[in-house]
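Our numbering puts the first residue of the sequence shown at 1, with every later residue one more than the last.
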Amino acid sequence: MKTWREKLEANGLAEYIAPFSELTKPGFRLNKEDAAGTLAPGASKFGGAPDLPPDVEIPSNDGKPLTLIAQLNLSDAALAGTAHPLPVSGVLSFFYDREEQPWGGEAEDRNGWEVLYFESPAELERREVPEEAMLPEFAAAFLEQETLDTDAVIGMDFDDDTGDAIFGLLEEGAPHHRVLGHPFAVQNPVFPEIAHYCDGIEDWGEAAKAADDYVLLFQMDSDEDLDVVWGDLGMLYFCIRKKDLAGKRFDRTQLIMQCG
């Protein structure tokens with residue numbers, strides 16, 4: 001994928017290379033690829049039926065199974081080349097209540113999503129779930145991506161033409177499915193919202209200071225191919241504290257949904 005330096009040079013915006021270089025962070029873009037019914041249990045994918053150990057139940061909310069929105073084999077991230085803080089192996093499975101679509105900031109929302117981690121993909125078995133409870137299945141491919149702090153860019157002073165060009169570059173490549181890097185914020189800065197609404201830091205100034213404690217574990221965009229629209233064309237952000245990521249405490253992952 002093109003770096004921000006290459007994008008800016010190609011669009012006559014070289015003067016922004018230096019300031020933008022301070023606002024980038026490495027991550028992974030997740031590309032959809034045709035699954036063609038060939039995905040092995042534990043493979044990286046969007047949608048489809050979940051792969052779980054025999055003794056693990058499909059997460060549910062009020063008796064209804066949550067939908068598997070993505071399943072990520074972390075060895076794929078290791079092969080992609082970027083140094084990162086994720087475990088070098090294992091499978092992360094992201095479940096969400098796509099009917100109720102909890103936004104994540106209320107205590108009762110917590111039953112509306114689940115993140116499961118399995119160290120041994122070999123123990124996973126494909127489960128049968130009703131077709132209406134599944135998203136269309138696509139393979140997910142990890143691609144190195146230089147992500148940009150969109151909140152900082154939005155706060156910069158541009159003339160109209162420059163602003164249009166830069167925001168056009170930001171929007172390129174949608175849908176923006178991502179692992180690690182900067183969140184692509186739809187509304188407000190994501191990490192302070194997580195700290196405030198999900199981790200109970202009431203003072204917004206303190207919540208902003210706590211933003212550096214968080215990592216973007218997974219960002220999922222609205223996607224016509226996957227038949228998902230989060231709110232009003234929004235995004236889901238699964239975030240985790242750095243210490244919990246290091247300890248593989250994925251049960252402590254928090255969620256925020258933002259939409260326009």
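We treat Cβ as the ideally placed atom computed from N, Cα and C, and that holds for glycine.
Supposed close pair L72, A140 - CB separation, criterion 8 angstroms: For the purposes of this step, residue 72 is identified with residue 72 of the sequence shown, where counting begins at 1. For the purposes of this step, residue 140 is identified with residue 140 of the sequence shown, where counting begins at 1. Yes, they are in contact, since the Cβ atoms of L72 and A140 sit about 7 angstroms apart, within 8 angstroms.
Beta-carbon proximity check, L23 vs V153, cutoff 8 angstroms: Translated into positions along the sequence shown, residue 23 becomes position 23. Translated into positions along the sequence shown, residue 153 becomes position 153. Cβ distance < 8 angstroms, so L23 and V153 count as in contact.
Buried or exposed by the 16-neighbour rule on C-beta atoms within 10 Å, applied to S93: Translated into positions along the sequence shown, residue 93 becomes position 93. Burial call: buried.
Span of the alpha helix (DSSP H) around V190: Position 190 of the sequence shown holds residue 190. That run of the alpha helix (DSSP H) goes 190-193.
Exposure of S271, with buried meaning 16 or more beta-carbon neighbours within 10 Å: Any answer about residue 271 is impossible in this case: the structure gives the chain only from 1 up to 260.
Option in R110, N31, P53 with minimal Cα separation from D62: Mapped onto the sequence shown, residue 62 falls at position 62. Closest by alpha carbon: R110.
At least three beta-carbon pairs within less than 8 angstroms, the stretch 150-170 to the stretch 223-240: no
For A246: DSSP bridge partner residues: As a working note, residue 246 is residue 246 in the sequence shown. Paired residues: none, contrary to the question.
Assigned exposure category for L216 - 16 Cβ within 10 Å defines buried: As a first step, residue 216 must be located in the sequence shown, where it is residue number 216. By the 10 Å Cβ count, L216 comes out buried.
R252, buried or exposed, once every other Cβ within 10 Å from all chains shown has been counted against 16: Counted from its first residue, the sequence shown places residue 252 at position 252. The residue is exposed, with fewer than 16 neighbouring Cβ atoms inside 10 Å.
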